[in-house]
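Please read the structure below before turning to the comments.
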């Protein structure tokens, strides 16, 4: 019964993600998959045929599977700890450049996640009038303009001078955000602040480190109900970026 309840909760959470972020929400499929796993586990517990079939699996395979599961869980918890460690960072010292990482644009309007990043960036730019800002993000599916163009318009509406805003509109992922933004800097060796939602800044700053950029995190808040999704998705993204050499610890 516990597995069945967990499976139902996963499916309901998937529906909530779709209602909040749309059908193209990245990694949302994970919750349907996890729900299916929970339903299968519940069925094994309650259906005699499945229970007997599971019981016939050799003990060695069960033990090996249990060890792999435990190692995977330990690794997941370690990565989650790394993500959390970056969520409380703050930049009190002035930086020469602020890089605001792009997120979904709905037509020409910034999404909730992107607006949270922009609000934090605008706060910093008002406090540090000599800092320039690089808005970074290309145009994706379902977007009528590039993320960079939408961010620039938003910041200008908030009173940030156009001459302080540099636009990088080619990137489609975080690694490209950093690389293409560096091309716009007069001095790539200067101290740079990276603005993104709090769950994302650990990965973003370590991707920047791998590219030789001296970056500090400037985290923006995230929507409370989306935290489980964001945290799980980010853990897998970190493993992927480590595997392909995009980031270093």
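In the working numbering, the protein residues as written are 1 to 249. Quick reminder that beta carbons are idealized off the backbone N, C-alpha and C, glycines included. A quick note: this is a predicted structure, and the numbers were derived from the prediction, not measured.
Asked	Found
Range of the contiguous beta strand (DSSP E) that encloses residue 36	Residue 36 -> not in any beta strand (DSSP E); alpha helix (DSSP H) instead, spanning 29-46.
Extent of the continuous alpha helix (DSSP H) run through residue 243	227-243
Among 95, 32 and 1, the one whose alpha carbon lies nearest that of residue 189	95
CA-to-CA distance, residue 7 to residue 38, given in whole angstroms	5 Å
Given residue 76 as reference, the closest of 109, 236, 244 and 97 once Cα atoms are compared	236
Runs of beta strand (DSSP E) wholly within the segment 180-232 (minimum 3 residues, chain order)	192-197 and 215-220
Buried versus exposed, by CB contacts within 10 Å (16 or more), residue 156	exposed
Through-space distance from residue 59 to residue 211, alpha-carbon basis	47 Å
C-alpha distance - residue 185 paired with residue 54, whole-angstrom precision	59 Å
Span of the beta strand (DSSP E) around residue 85	Per DSSP, residue 85 belongs to no beta strand (DSSP E); it is in the alpha helix (DSSP H), 59-87.
Sub-8 Å separation of residue 117 and residue 105 beta-carbons	no
Closest residue to residue 264 among 128, 245 and 222 (Cα-Cα distance)	The requested residue 264 does not occur in the structure, where the chain is confined to residues 1 to 249.
Other residues of its chain near residue 320: CB distance less than 6 Å, five sequence neighbours each side excluded	No statement about residue 320 is possible, as the shown extent of the chain runs from 1 to 249 and does not include it.
Of the residues 93, 112 and 70, the one placed nearest residue 125, counting alpha carbons only	93
Where residue 23 falls: helix, strand or coil (DSSP)	coil
Identified DSSP bridge partners for residue 133	98 and 165
Given 8 Å, three or more beta-carbon pairs between the segment 194-202 and the segment 152-171	no
Alpha carbon of residue 159 to alpha carbon of residue 86, nearest angstrom	29 Å
Exposure label - residue 283; buried when at least 16 CB within 10 Å	Beyond the ends of the chain as shown, which are 1 and 249, falls residue 283; an answer cannot be given.
Where residue 126 falls: helix, strand or coil (DSSP)	helix
Coil, strand or helix - residue 117 by DSSP	helix
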